[in-house]
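2 protein chains.
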Amino acid sequence: MPSEFDIIADLFAPLATSKAAMGLKDDVAILGEIVLTTDTIIAGVDFFPNDPPDTIAKKALRVNLSDLAAKGARPFGYLLTLTLPRNTSESWLGRFAKGLRADQKTFGLTLLGGDISSTPGPLGITVAMFGRAPRGKAILRNRARVGDLVFVSGTLGDSGAGLAALKARKKQPKLIARYRVPEPRVALGQKLRGVASAALDVSDGLVADLGHIADTSGVHIVLDARALPLSKAYRAFIGNDPVRAATSGDDYEIAFTAPRSRRAKVLAAAKAARVPVTEIGWVMKGRGVALLDASGRPIALKKKGWQHF
Amino acid sequence: MPSEFDIIADLFAPLATSKAAMGLKDDVAILGEIVLTTDTIIAGVDFFPNDPPDTIAKKALRVNLSDLAAKGARPFGYLLTLTLPRNTSESWLGRFAKGLRADQKTFGLTLLGGDISSTPGPLGITVAMFGRAPRGKAILRNRARVGDLVFVSGTLGDSGAGLAALKARKKQPKLIARYRVPEPRVALGQKLRGVASAALDVSDGLVADLGHIADTSGVHIVLDARALPLSKAYRAFIGNDPVRAATSGDDYEIAFTAPRSRRAKVLAAAKAARVPVTEIGWVMKGRGVALLDASGRPIALKKKGWQHF
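Chain order of the listed sequences is A and B. First residue of the first sequence? That's 6 in the working numbering, and the numbers climb one at a time after it. First residue of the second sequence? That's 6 in the working numbering, and the numbers climb one at a time after it.
Quick look at the structure:
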């Protein structure tokens, strides 16, 4: 089976005939001032069937909020599609709805509609999320320029480490919380409008995702492995392993580029949004993404990030 | 497990805090002139895993187009979420995309974005469909008035009969085609703006769906079983059984009410859209839906339509 990226490029991009879809090369579509995105999470793939239902609800919303955040959009509403195994209990649904309610409050959202269907398979949740950004001001993927700096919010690898902890039945509450309930950088994203040249959210892994900025912008991105931000919890559980952090999924941080001249504005945006932002690399002529070791040599990567197929 | 309608009313309607969602009592949300809806179809529930992939693609689009059609909206684009079993072949995907392409042409659509995920379960397709209707002109469910007449487009029960034929391995190509590829009444819906007082698409079964108009409008709907439009193919395969036709799902016709004074306008709209429309009942004081037999007595119904749970 071809990769999801090949499927999208070969079969579906030709169907995206409107400028609004940007050739499916971004995570969102833009209709005037409305920015929209959709993402699915599935039990056994994106979360554990026995995860607390409120955290599943939050994850379903937040993976979408993260897409909008990286575009600098302010989210306002969502469509919710549930495919439920027939034995789903009323109590489970009640706790799931409670998670939605909490995040609606946190992020200023409203439910716009949806669909509920039964399935013989695992629980699946599809959210289509709607936000607004002033016309022409959403931050795209394809505007990174040679000479730009590369930044990332928060820390990397925590969610992947949380997943590893869950699989190994280790107690790592901080890391597990990051896996179950990502922290979309909604405030930061809006502050980065007019500051970042290109941005996306890190969902498949930093190197894989920055590859999309490199591809669509026609540039080469160089990352300094020593600069990658790792949390104390990550270092304690996994060790000082920036390569793993740069290639594991589900971070939901914003990775972005900005002209060198705007470095101070980037730091001001980070301060205003109360989110740490780290300078991790720079943009050069060429293509693809290189992760450099302490001696400045590219590290050979076995995989760049999560792929479904 | 509670019914999907109870789940929506009890758990999710309180989350739909925006007027745009109309308390989740309609099939769509309305954001200014944009009308949006979402529907999922799942292998083994809404179609057969071995159905031709192009018909599955068309069904996924058309069940959504039907929702917009009933609101009088002109569709323009969609988000597509695929949850694919890992063994999905490239050839299957190619034929699926061909079905999308064909219907994009038929209905003037463009793909706006989407998501592809792997699943250990059955193939699932979620579409969020976007259309436009002039502000305030979309046809809602809650405006049926006492004295209105009730109409339905096309014929009823064909799709349910097609499903029965597939299950029984009978050759009924016309009925099976109606099950696999519904005919959303997009042109008719737009002609009904300003003519119909309330409308919805018949997806769960005529009686069940008109129940939503009765509930939200606060009226009683009376249907004349003898008046229900049945196709030749239906009569030949199932017999003269209007009750079954009124309670089987997947028709994707438009059921609507209109003031008596607009009967001529209804017929003109039908003619302009080249879709047969049949007068099947009337609106009274009270609640619920009654299906009357030849002697004017309500027929006791074992079930009113399809329910997921």
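Just so you know, even glycine gets a beta-carbon here, dropped at the ideal spot from N, CA and C. On a predicted model such as this, the values are computed, not experimentally measured, just so you know.
Counting Cβ pairs closer than 8 Å, one from the stretch 64-83 of chain A and one from the stretch 150-159 of chain B, do we hit at least three?
Using a Cβ-Cβ distance cut-off of 8 Å, the stretch 64-83 of chain A and the stretch 150-159 of chain B are not in contact, since fewer than three pairs of beta carbons, one from each stretch, lie closer than that value.
Contacts of V50 (chain A) in chain D (Cβ-Cβ under 8 Å)
Absent from the structure is chain D; the protein chains it does hold are A and B.
For T88 (chain A), go through chain B and note every residue whose CB falls closer than 7 Å to its CB, in chain order.
Here residue 88 (chain A) refers to the residue found at position 83 when the first sequence is read from its first residue. Close partners of T88 (chain A) in chain B (Cβ separation under 7 Å): T45, I47 and G129.
With respect to the alpha helix (DSSP H) encompassing A274 (chain B), which residues constitute its N-terminal and C-terminal limits?
Locating residue 274 (chain B) in the second sequence gives position 269, counting from the first residue. A274 (chain B) -> alpha helix (DSSP H) spans R268 to A278.
By DSSP, does E9 (chain B) sit in helix, in strand, or in coil?
The residue labelled residue 9 (chain B) in the question sits at position 4 within the second sequence. Correct three-state label for E9 (chain B): helix.
Going by other Cβ atoms of all chains shown within 10 Å of its Cβ, with 16 needed for buried, is A241 (chain B) buried or exposed?
Translated into positions along the second sequence, residue 241 (chain B) becomes position 236. A residue is called buried when at least 16 other Cβ atoms come within 10 angstroms of its Cβ; A241 (chain B) does not meet this threshold and is exposed.
Rounded distance between the beta-carbons of I39 (chain A) and F112 (chain A), thought under 8 Å:
Here residue 112 (chain A) refers to the residue found at position 107 of the first sequence. Here residue 39 (chain A) refers to the residue found at position 34 of the first sequence. Distance from F112 (chain A) to I39 (chain A) at the Cβ level is roughly 17 Å; contact not present, criterion being Cβ atoms closer than 8 Å.
Excluding the 5 residues flanking T131 (chain B) on each side, which residues of the same chain have their C-beta closer than 7 Å to its C-beta?
Within the second sequence, the letter at position 126 stands for residue 131 (chain B). Counting only residues of its own chain and dropping the five nearest sequence neighbours on each side, T131 (chain B) has a CB closer than 7 Å to the CB of T43, T45 and T86.
Which residues, in order along the stretch 12-25 of chain A, keep a beta-carbon less than 9 Å from a beta-carbon of chain B?
For the stretch 12-25 of chain A, the set of positions with a beta-carbon nearer than 9 Å to some beta-carbon of chain B reads I12, I13, D15, L16, F17, A18, P19, L20, A21, T22, S23 and A25 in chain order.
Whether L117 (chain A) touches S23 (chain B) by CB criterion (8 Å)
Taking the first residue of the first sequence as position 1, residue 117 (chain A) is located at position 112. Taking the first residue of the second sequence as position 1, residue 23 (chain B) is located at position 18. Closer than 8 Å, so yes.
May I ask you to verify whether the stretch 98-106 of chain B touches the stretch 45-63 of chain A, counting CB pairs closer than 8 Å and requiring at least 3?
Judged by Cβ distances under 8 Å, the stretch 98-106 of chain B makes no contact with the stretch 45-63 of chain A, as fewer than three pairs qualify.
Using a cut-off of 9 Å between C-beta atoms, extract the partners of R106 (chain A) located in chain B.
Indexing the first sequence from 1 puts residue 106 (chain A) at position 101. Within chain B, the residues near R106 (chain A) are P19 and L20.
Short Cβ contact (8 Å threshold) for S71 (chain A) with P187 (chain A)
Sequence index remark: in the first sequence, residue 71 (chain A) carries index 66 (1-based). Sequence index remark: in the first sequence, residue 187 (chain A) carries index 182 (1-based). Contact flag set, yes.
Under the rule that 16 or more other beta-carbon atoms within 10 Å means buried, what is D256 (chain A), buried or exposed?
On the first sequence, position 251 is the one that residue 256 (chain A) refers to. Buried is the call here.
The alpha helix (DSSP H) that contains E95 (chain A), what's its start and end?
Your numbering for residue 95 (chain A) matches position 90 in the first sequence. Note, E95 (chain A): alpha helix (DSSP H), E95 to F112.
Under a CB-based cut-off of 8 Å, is E38 (chain B) close to chain A?
On the second sequence, position 33 is the one that residue 38 (chain B) refers to. With 8 Å as the cut-off, E38 (chain B) does not count as an interface residue toward chain A.
Could you please give the first and the last residue of the uninterrupted beta strand (DSSP E) stretch that includes Y83 (chain B)?
Within the second sequence, numbered from 1, the residue matching residue 83 (chain B) stands at position 78. Note, Y83 (chain B): beta strand (DSSP E), R79 to P90.
By how many angstroms is the C-alpha of Y83 (chain B) removed from the C-alpha of A275 (chain B)?
Taking the second sequence and counting its residues from 1, the one referred to as residue 275 (chain B) is at position 270. Taking the second sequence and counting its residues from 1, the one referred to as residue 83 (chain B) is at position 78. A direct Cα-Cα distance of roughly 27 Å separates A275 (chain B) from Y83 (chain B).
My output table needs one value for D246 (chain A): the three-state DSSP class, helix, strand or coil.
The sequence position of residue 246 (chain A) within the first sequence is 241, counting from 1. Residue state, collapsed to three classes: coil.
Can you pull the chain B neighbours of V155 (chain A), defined as C-beta to C-beta under 8 Å?
As a first step, residue 155 (chain A) is located in the first sequence; it is residue number 150 there, counting from the start. In chain order: nothing, as chain B lies at least about 25 Å away.
Taking 8 Å as the cut-off, does the stretch 290-304 of chain A touch the stretch 178-193 of chain A (at least 3 CB pairs, one atom from each stretch)?
Short answer: they don't touch.
Which chain B residues are close to P54 (chain A), counting only those with a beta carbon under 8 Å from its beta carbon?
The sequence position of residue 54 (chain A) within the first sequence is 49, counting from 1. Residues of chain B passing the Cβ test: none, with the nearest at roughly 11 Å.
In chain order, what residues of the same chain have a beta carbon less than 6 Å from the beta carbon of A170 (chain B), not counting five sequence neighbours either side?
As a working note, residue 170 (chain B) is residue 165 in the second sequence. The residues are Q177, L180 and I181.
Is any beta-carbon of chain A found at less than 8 Å from that of V33 (chain B)?
For the purposes of this step, residue 33 (chain B) is identified with residue 28 of the second sequence, where counting begins at 1. In terms of beta-carbon proximity, V33 (chain B) lines the interface with chain A, with at least one pair separated by less than 8 Å.
R198 (chain A) (DSSP reduced to helix, strand or coil):
The residue you call residue 198 (chain A) lines up with position 193 of the first sequence. Residue state, collapsed to three classes: coil.
8 Å Cβ cutoff met for T262 (chain A) and I218 (chain A)
As a position in the first sequence, residue 262 (chain A) is number 257, starting the count at 1. As a position in the first sequence, residue 218 (chain A) is number 213, starting the count at 1. Taking 8 Å as the Cβ cut-off, T262 (chain A) and I218 (chain A) qualify as a contacting pair.
Leaving out five residues before and five after S122 (chain B) in sequence, what residues of the same chain have Cβ atoms less than 8 Å from its Cβ?
Counted from its first residue, the second sequence places residue 122 (chain B) at position 117. If we look at S122 (chain B) and ignore the five residues flanking it on each side, its Cβ neighbours are T86, L87, T88 and L89.
Residues of chain B with a CB under 8 Å from the CB of L117 (chain A): which are they?
As a working note, residue 117 (chain A) is residue 112 in the first sequence. Listed along the chain, the chain B residues whose CB falls inside 8 Å of the CB of L117 (chain A) are A21, S23, A25, A26, A34, L36 and L41.
Rounded to whole angstroms, what's the CA-CA distance from L211 (chain A) to A192 (chain B)? Just pull it up for me.
Stepping through the first sequence from its first residue, residue 211 (chain A) is reached at position 206. Stepping through the second sequence from its first residue, residue 192 (chain B) is reached at position 187. Straight-line measurement puts the Cα of A192 (chain B) at about 47 Å from the Cα of L211 (chain A).
Per-residue DSSP class, three states only, for F53 (chain A):
Along the first sequence, one-based indexing puts residue 53 (chain A) at 48. Coil at F53 (chain A), not helix or strand.
Where S23 (chain B) falls: helix, strand or coil (DSSP):
For the purposes of this step, residue 23 (chain B) is taken as the residue at position 18 of the second sequence. In the structure shown, S23 (chain B) sits in coil (DSSP, three-state: anything other than H, G, I, E or B).
Contacting residues, own chain, Cβ-Cβ under 7 Å from D229 (chain A) (five flanking each side not counted)
By one-based count along the first sequence, residue 229 (chain A) stands at place 224. For D229 (chain A), same chain residues with a beta-carbon under 7 Å away, outside a window of 5 residues either side, are I285, G286 and L297 in chain order.
Tell me the residue span of the beta strand (DSSP E) that contains D206 (chain A).
Working through the first sequence from its first residue, we reach residue 206 (chain A) at position 201. For D206 (chain A), the uninterrupted beta strand (DSSP E) run begins and ends at A203 to V207, by DSSP.
Going along chain B, which residues have a C-beta under 7 Å from A133 (chain A)?
If you number the first sequence from 1, residue 133 (chain A) lands on position 128. The contacting residues are T43, L84 and A133.
Neighbouring residues, chain B, relative to G99 (chain A) (Cβ below 7 Å)
As a first step, residue 99 (chain A) is located in the first sequence; it is residue number 94 there, counting from the start. Under a criterion of Cβ atoms nearer than 7 Å, the residues of chain B adjacent to G99 (chain A) are, in order, L16.
Below 8 Å between beta carbons: does that hold for G129 (chain A) and R249 (chain A)?
Position 124 of the first sequence, counting from 1, holds the residue named residue 129 (chain A). Position 244 of the first sequence, counting from 1, holds the residue named residue 249 (chain A). For G129 (chain A) and R249 (chain A), no; Cβs fall outside 8 Å.
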